[in-house]
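These notes concern the structure reproduced below.
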Amino acid sequence: MQLDAQTEDPRVSYDERRSRCPVSRDSAGSWTLYRHDDVRSAALDDVAFSSATSRFLQVPNGMDGAEHDLFRALTDRYFEPRRLAALEPVLADVAEDIVAATLGAPTQPEAAADAVELGARFAVRSACDWLGWPRTHERELLDWVAANREASRSGDLTATSAVATWYTNIIRSQTDERRALGERAPADVTTELLGDDFLGRALTDEEITSILRNWTGGDLSSMALCIGVVLAYLADHPQLQARMRAGVSEVEFNAILDEILRIDNPFTSNRRVTTREVALGDERIPAGDRVVLNWTAANRDPEAFGDPDAFSPYLNAPKNLVYGIGRHVCPGRALATMQLRLLTEAVLYRTAEILPDPDRDREREQPPAGGYARVPIVLRR
Ligand code: HEM
Numbered sequence: 047m048q049l050d051a052q053t054e055d056p057r058v059s060y061d062e063r064r065s066r067c068p069v070s071r072d073s074a075g076s077w078t079l080y081r082h083d084d085v086r087s088a089a090l091d092d093v094a095f096s097s098a099t100s101r102f103l104q105v106p107n108g109m110d111g112a113e114h115d116l117f118r119a120l121t122d123r124y125f126e127p128r129r130l131a132a133l134e135p136v137l138a139d140v141a142e143d144i145v146a147a148t149l150g151a152p153t154q155p156e157a158a159a160d161a162v163e164l165g166a167r168f169a170v171r172s173a174c175d176w177l178g179w180p181r182t183h184e185r186e187l188l189d190w191v192a193a194n195r196e197a198s199r200s201g202d203l204t205a206t207s208a209v210a211t212w213y214t215n216i217i218r219s220q221t222d223e224r225r226a227l228g229e230r231a232p233a234d235v236t237t238e239l240l241g242d243d244f245l246g247r248a249l250t251d252e253e254i255t256s257i258l259r260n261w262t263g264g265d266l267s268s269m270a271l272c273i274g275v276v277l278a279y280l281a282d283h284p285q286l287q288a289r290m291r292a293g294v295s296e297v298e299f300n301a302i303l304d305e306i307l308r309i310d311n312p313f314t315s316n317r318r319v320t321t322r323e324v325a326l327g328d329e330r331i332p333a334g335d336r337v338v339l340n341w342t343a344a345n346r347d348p349e350a351f352g353d354p355d356a357f358s359p360y361l362n363a364p365k366n367l368v369y370g371i372g373r374h375v376c377p378g379r380a381l382a383t384m385q386l387r388l389l390t391e392a393v394l395y396r397t398a399e400i401l402p403d404p405d406r407d408r409e410r411e412q413p414p415a416g417g418y419a420r421v422p423i424v425l426r427r
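Here is the structure:
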């Protein structure tokens with residue numbers, strides 16, 4: 047699907063497809079599910095809808111069944127509440143520093159910024175601090191995020207493969223350095239992963255690279271896009287800003303973030319492959335066909351949510367699919383929510399107003415990504 051990135055909102059086309067052709071097959075033979083019910087059932091039926099869609103090793107997202115569960119058991123430990131609690135003050139400082147730098151000198155009454163770019167800087171520095179990677183890598187990671195977004199927009203397989211290799215090299219530089227240091231390696235998450243025990247053996251280099259790629263590669267862009275969507279929504283809704291500045295509980299804050307992302311979900315889709323024939327709506331999908339679960343479309347299905355743009359954090363929470371559902375549900379949800387909350391808090395509490403920039407237009411992202419490529423805002427003290 048090619049859209050005019052400047053003006054067109056892919057959600058309009060998803061909404062239309064969901065009502066016209068909710069289980070649709072493209073010319074390459076790949077199916078896309080747009081309805082909430084269908085996306086939910088496919089995600090929950092991980093036997094008929096396999097995640098083994100890639101020829102590359104993907105830990106754990108490209109795995110099924112018991113193998114997937116074993117790797118999830120290992121990696122889920124890195125997201126335990128006690129670990130996130132220890133990380134919170136570190137990431138709160140990152141958020142404060144990035145927002146302070148954006149605002150500039152205290153004498154400056156306001157500052158212009160791009161919320162997506164602000165989000166990318168926050169995501170990259172947060173990932174470095176979480177994994178123990180030196181902040182000197184920030185520039186390269188930011189360049190990589192930009193190149194990765196460009197490559198996925200273009201759909202050019204050579205470009206996609208080049209950015210994938212580039213990222214493998216970034217990860218390997220970190221793991222090689224720690225292996226060379228041996229006992230003197232810094233005590234951080236990356237070193238811990240290198241020494242972790244998987245069923246009585248160490249993880250292979252390929253497994254470690256894949257895990258770290260999943261924790262960062264995809265997430266850096268998603269986080270930047272999520273921050274773009276959240277700050278765009280707040281800029282458009284000054285009353286919600288005022289309510290949040292006045293103080294809401296952490297539970298309510300998180301529910302608000304989830305609901306903003308439900309309305310405009312930038313993490314658009316994931317893939318599956320059928321292992322048997324599946325009947326969905328009026329269609330029969332044969333075994334071995336590729337299927338795309340469109341979370342963005344599902345999250346705006348009027349059959350599940352009524353008016354998809356009506357803002358009802360608590361009412362819509364049980365059906366919200368922003369972080370997926372079932373066996374592959376996002377293990378990083380609590381971390382992602384904490385990051386989003388910390389950055390949003392830093393912006394809200396350091397400003398009196400977040401405004402859309404009257405002089406610069408927003409730019410929508412192109413499928414397969416969602417949200418915005420650019421969200422110009424003005425931060426007023
Ligand atoms: C920024 C916001 C994020 C969103 C919207 C998001 C969304 C999702 C969704 C929808 C899935 C389900 C995939 C599927 O069913 O195939 C998923 C899986 C996953 N996410 Fe996230 N995610 C986010 C952040 C993160 C973070 C911070 C991490 C880790 C640091 C992470 C790591 C993963 C991994 C490893 C999987 C695969 C899980 C599996 O296959 O078992 N995500 N995410």
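In short: position in the sequence shown from 1, add 46, done, that's our numbering.
Every residue gets a Cβ at the ideal spot worked out from N, C-alpha and C, and that includes glycine.
Just so you know, these numbers come straight off a predicted model, no measurement behind them.
Give me the Cβ distance between residue i and residue j, rounded to the nearest whole Å; I'm assuming they're in contact under 8 Å.
i: residue 110; j: residue 100; result: Contact flag wrong, Cβ pair sits at about 12 Å.
i: residue 310; j: residue 417; result: 6 Å
i: residue 366; j: residue 308; result: 5 Å
i: residue 147; j: residue 389; result: That belief does not hold up - the Cβ atoms of residue 147 and residue 389 are roughly 13 Å apart, past 8 Å.
i: residue 77; j: residue 319; result: Actually they are not in contact, since the Cβ atoms of residue 77 and residue 319 sit about 10 Å apart, beyond 8 Å.
i: residue 394; j: residue 291; result: 5 Å
When every heavy atom of ligand 1 is checked, does at least one fall within less than 8 Å of the C-beta of residue i?
i: residue 369; result: yes
i: residue 327; result: no
i: residue 421; result: no
i: residue 372; result: yes
i: residue 377; result: yes
i: residue 299; result: no
i: residue 219; result: no
i: residue 97; result: yes
i: residue 277; result: no
i: residue 89; result: yes
i: residue 268; result: yes
i: residue 234; result: no
i: residue 84; result: no
i: residue 260; result: yes
i: residue 340; result: no
i: residue 385; result: yes
i: residue 16; result: Given a span of 47 to 427 for the chain in the structure shown, any question on residue 16 remains unanswerable.
i: residue 102; result: no
i: residue 121; result: yes
i: residue 272; result: yes
i: residue 239; result: no
i: residue 413; result: no
i: residue 109; result: yes
i: residue 313; result: yes
i: residue 265; result: yes
i: residue 366; result: no
I need the DSSP call for residue i, collapsed to helix, strand or coil.
i: residue 73; result: coil
i: residue 436; result: Within the shown structure, residues of the chain are numbered from 47 to 427, placing residue 436 beyond reach of any answer.
i: residue 418; result: strand
i: residue 107; result: coil
i: residue 65; result: helix
i: residue 172; result: helix
i: residue 408; result: coil
i: residue 58; result: helix
i: residue 144; result: helix
i: residue 425; result: strand
i: residue 375; result: coil
i: residue 101; result: coil
i: residue 319; result: strand
i: residue 390; result: helix
Could you spell out where the alpha helix (DSSP H) holding residue i opens and where it closes?
i: residue 87; result: 82–90
i: residue 404; result: Premise fails: residue 404 is in no alpha helix (DSSP H) and is neither H nor E.
i: residue 300; result: 296–309
i: residue 207; result: 203–227
i: residue 160; result: Element bounds for residue 160: not the alpha helix (DSSP H) but the beta strand (DSSP E), 156–160.
i: residue 200; result: 184–200
Taking buried to mean at least 16 other C-beta atoms within 10 Å of its own C-beta, is residue i buried or exposed?
i: residue 105; result: buried
i: residue 285; result: exposed
i: residue 95; result: buried
i: residue 170; result: buried
i: residue 52; result: With a pLDDT of only 45 at residue 52, under the threshold of 50, the placement of this residue in the model should not be trusted; the figure read from the coordinates follows. Exposed, because fewer than 16 other Cβ atoms sit within 10 Å of the Cβ of residue 52.
i: residue 360; result: exposed
i: residue 160; result: buried
i: residue 136; result: exposed
i: residue 293; result: exposed
i: residue 287; result: buried
i: residue 112; result: exposed
i: residue 351; result: buried
i: residue 48; result: Because the pLDDT at residue 48 is just 40, under 50, the model does not fix this residue reliably, and the value given afterwards should be weighed accordingly. Label assigned to residue 48: exposed.
i: residue 50; result: With a pLDDT of 42 at residue 50, under the threshold of 50, the modelled position of this residue cannot be trusted; read the value that follows with caution. Result: exposed.
Cβ of residue i within 8 Å of any heavy atom in ligand 3?
i: residue 382; result: Here the bound small molecules are ligand 1; ligand 3 is not part of this structure.
Determine the extent of the beta strand (DSSP E) in which residue i is found, giving its start and end residues.
i: residue 326; result: 324–326
i: residue 339; result: 336–340
i: residue 329; result: 329–331
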